[in-house]
Amino acid sequence: AAPSTRLREALARAAPALDLMRRGSRQQYADFNLDYSRGFDLLLPHLSPMRTLSRIMYVDALVRVNDGDWSGAADRISATYHISAHCADDCIIISSLIGAAIFKVGDKAAQYGFDRAGFSDLDCAKMLRAVQGLETGDPLNTVESVAMEQELAIAWLQKHLGPESGRQNVPDAFQWLVEDERAGAFLAQMTDADFQAELDAYDRGMDRFVEAMMMEDRDAARAELARLSEELGDGEYGHLAKMLMPSLSRYYEQMCEVQDQIAARAEMLRALATGRIRPEDEANAALYYARGIALLRKIEPSRFEAICAYEAREITEPDETMLKTFEDGQAVIDLFREGSQKRRCDFAVLRPRYELPFCPEYLGGLRDAVRFLHADARRRLEGGEPTAAADRLAIGYRLVAHLEEDEPVLSALLAHRIFDRTHELAASALVGVGLKEKQRAGLLDAAELIGRKDPFGYISSLLGTRPPLGVRLCKITSTGEFNDERCEAAKAMVSRCDGDQLLYLLAILDTMARAGEEEEEQEEAGADAKDDRFAPLADVISLPELGTARRETSIVAPRLARGELDLFDGGEFPRFGRVVERMRGARGDLRRALRFLHPPDAPPADAASPGGAEER
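Here my numbering is used: the first residue of the sequence shown is 67, the next is one more, and so on.
(1) According to DSSP, simplified to helix, strand and coil, what is A83?
(2) Once you ignore the five residues that flank F169 on each side, which residues in its own chain have a CB closer than 6 Å to its CB?
(3) Label I621 either buried or exposed according to how many other C-beta atoms from any shown protein chain fall within 10 Å of its C-beta, with 16 as the threshold for buried.
(4) R89 to G530, Cα distance in whole Å?
(5) Compute the minimum distance between the beta carbon of G449 and the heavy atoms of the ligand NAP, and state whether it is under 7 Å.
(6) Quick one: grab the DSSP three-state call for R599.
(7) Using the DSSP secondary-structure output, state which residues sit across from N350 in a beta bridge.
(8) By a C-beta neighbour count over all protein chains shown, 10 Å radius and 16 as the cutoff for buried, is H664 buried or exposed?
(9) When you compare only the Cα positions, how much space is there between M161 and K225?
(10) As a quick exercise: from D107, D266 and E348, pick the residue whose alpha carbon is nearest that of A183.
(11) What residues in its chain sit with their C-beta under 8 Å from that of R74, if we drop five residues either side in the sequence?
(12) Mind checking which residues open and close the alpha helix (DSSP H) that includes H468?
(13) Name the two residues that bound the continuous alpha helix (DSSP H) containing V645.
(14) How many Å lie between E585 and R616 at the Cα?
(15) Assuming R458 and I373 make a contact with CB atoms under 8 Å, what is their CB distance in whole Å?
(16) Please determine, among L660, L447, A351 and M311, the residue with the shortest C-alpha to C-alpha distance to E264.
(17) Scan the stretch 535-576 and note each continuous alpha helix (DSSP H) run of 4 residues or more that stays entirely inside, going in chain order.
(18) If I'm right that K192 touches S114 with Cβ under 8 Å, what's the distance once you round it to whole angstroms?
(19) For A673, name the three-state secondary structure that DSSP assigns.
(20) For the putative contact between A652 and P474, defined by C-beta atoms under 8 Å, what is the C-beta separation to the nearest angstrom?
(21) Secondary structure at H112, three-state DSSP: helix, strand or coil?
(22) What residue does the alpha helix (DSSP H) around M214 start on, and which one ends it?
(23) From G34 to A414, what distance separates their C-alpha atoms?
(24) Can you have a look at G637 and say buried or exposed, based on whether 16 or more other CB atoms are within 10 angstroms of its CB?
(25) Run through DSSP, which three-state label would E589 get?
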């Protein structure tokens with residue numbers, strides 16, 4: 067959405083602080099005059115406001131992208147990259163982690179701009195200079211931070227727990243060391259020699275941790291960290307090491323993730339700054355589709371309904387009003403064509419971040435847009451314009467290739483339905499109109515973009531849906547509390563679910579989430595079927611069965627809250643998506659279509675229909 071007046075006013079109030087942050091970011095280094103002698107009592111009051119101001123700078127960059135101020139946006143992003151490095155100058159683990167978080171915030175703003183293909187080569191060069199400063203073996207001083215905390219810990223422990231009186235009476239600031247009676251008793255019973263042995267063991271363990279993180283071979287580093295973690299659990303490095311050593315594998319993986327992200331962004335910026343790739347090559351196709359959908363929704367509903375009736379062959383010929391609608395909608399087709407030709411397509415930018423991927427609003431918009439696309443293809447075919455018709459059908463195939471990479475299960479179903487209808491029209495054109503070889507080749511090139519290993523994205527959508535769905539289920543309790551046992555049971559249940567069962571659970575959770583937002587969705591019978599999100603998908607899923615599933619929420623939700631996860635044991639439920647059935651036919655549908663689009667001497671009679679005799 068466009069930035070609101072309130073947002074702009076807030077940014078105006080924050081402008082002086084952001085200006086100071088940008089000035090600071092241009093300095094060579096940042097020294098917050100930390101008193102490292104305080105050890106674990108060290109205060110880091112600058113980190114939280116730096117992170118907050120970096121988030122505000124991120125929003126400022128987004129607004130500038132929206133306003134077309136690409137140079138201003140690049141300046142804010144570059145400043146954020148520099149700030150992330152300044153945070154890491156503390157050489158404290160939490161500072162490095164905050165630095166990594168700030169880098170990701172800046173990089174998210176950069177990606178927002180790259181998706182829209184507006185940065186110039188000078189803008190990219192400016193951001194590259196900032197990222198180049200992070201292109202080191204340890205970009206955010208992660209290893210140095212671990213080594214520094216090792217020294218701080220040893221000095222602090224020696225000072226506060228070295229004397230016997232300190233071990234008998236642990237300072238308040240270190241109470242987490244004695245969070246249970248056994249730990250307190252363990253410290254109290256230590257002799258000076260025992261304590262020094264514990265400290266030496268911790269020191270050895272941390273030395274190995276640092277050495278492992280410095281290995282160039284990541285597989286070797288991971289193996290070494292796994293061995294160290296096992297030895298740590300076995301007590302080989304003492305009790306203090308168990309309490310003080312950070313999560314080894316997780317911290318290492320975070321360091322690798324940031325290194326890879328920095329390296330990838332630097333490489334991309336170099337290519338853009340030197341002209342090796344064009345900004346439009348890195349644009350996000352999903353945004354072109356979104357703009358096309360927005361234009362389509364400006365068409366008067368009654369006029370669009372006539373287009374849909376023509377596409378469904380309920381109307382024989384378009385009248386003057388329909389021809390005017392087709393003319394007005396060519397900008398929609400142009401946007402879909404341009405989007406379909408993009409290499410990248412990430413629909414996630416159009417979804418709320420924390421919402422389960424059930425039925426994002428853009429799915430209905432895509433279905434309506436393809437109806438318009440197919441209607442125009444039919445009009446062109448019947449009007450003697452086979453080249454234009456083939457162009458529209460190729461857009462449909464390329465859209466399927468993009469949509470199959472989307473996470474929601476409904477995206478796979480929609481991709482399959484769009485493919486079926488596109489191929490139906492393409493087959494009709496090839497048999498009836500007789501498209502030329504060049505036009506056939508264009509359709510084949512577009513169709514071959516669809517993945518043969520996982521046609522329409524069924525497998526990837528199921529694998530991507532299970533983890534967040536399991537997490538969400540384990541949090542639904544009548545007491546508001548959940549435990550590891552319940553979570554494991556929920557994840558195990560979800561792992562056994564087929565596609566229809568997953569879709570049913572998503573419908574239940576979606577209904578629960580929306581119940582508190584819109585009371586009208588609690589109406590019975592046809593109310594659910596008229597949900598604005600689902601109406602355009604009437605030929606993709608069964609709306610009556612979806613309505614049945616959503617009404618069953620009042621029965622299923624209390625069972626989930628009580629921890630009853632045997633929802634599908636021997637019982638029937640509405641399979642409103644026919645996911646299992648459609649998934650089984652996906653490979654055959656694609657195989658037959660590709661065989662038909664190839665220029666054979668005599669294509670099989672059933673090849674023109676994705677649901678032909680071969681599947682039966």
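Just so you know, even glycine gets a beta-carbon here, dropped at the ideal spot from N, CA and C. Remember, it's a predicted structure, so these values are computed and weren't measured experimentally.
Reading off the structure:
(1) helix
(2) S150
(3) exposed
(4) 42 Å
(5) What this structure holds is no ligand at all, so the ligand NAP is not there to describe.
(6) coil
(7) R410
(8) exposed
(9) The sequence given here has Ser at residue 161, not Met. So the two alpha carbons sit approximately 24 Å from each other.
(10) E348
(11) V129
(12) P452 to L469
(13) V645 to L663
(14) Because the pLDDT of E585 is 48, which lies under 50, any placement of that residue in the model is unreliable, and the number read from its coordinates should be weighed accordingly. Straight-line Cα distance between these residues: approximately 14 Å.
(15) Not really, about 13 Å apart at Cβ, beyond 8 Å.
(16) M311
(17) 550-562
(18) That belief does not hold up - the Cβ atoms of K192 and S114 are roughly 28 Å apart, past 8 Å.
(19) Low confidence applies to A673: its pLDDT is 47, below 50, so where it sits in the model is not reliable enough to give any reading.
(20) At roughly 16 Å, the Cβ-Cβ gap does not stay under 8 Å, so A652 and P474 are not in contact.
(21) coil
(22) T208 to L227
(23) Because residue 34 is not part of the residues shown, which for the chain are 67 to 682, the question remains open.
(24) exposed
(25) In this predicted model, E589 has a pLDDT of only 47, less than 50, meaning its place in the structure is not dependable enough to derive any value.
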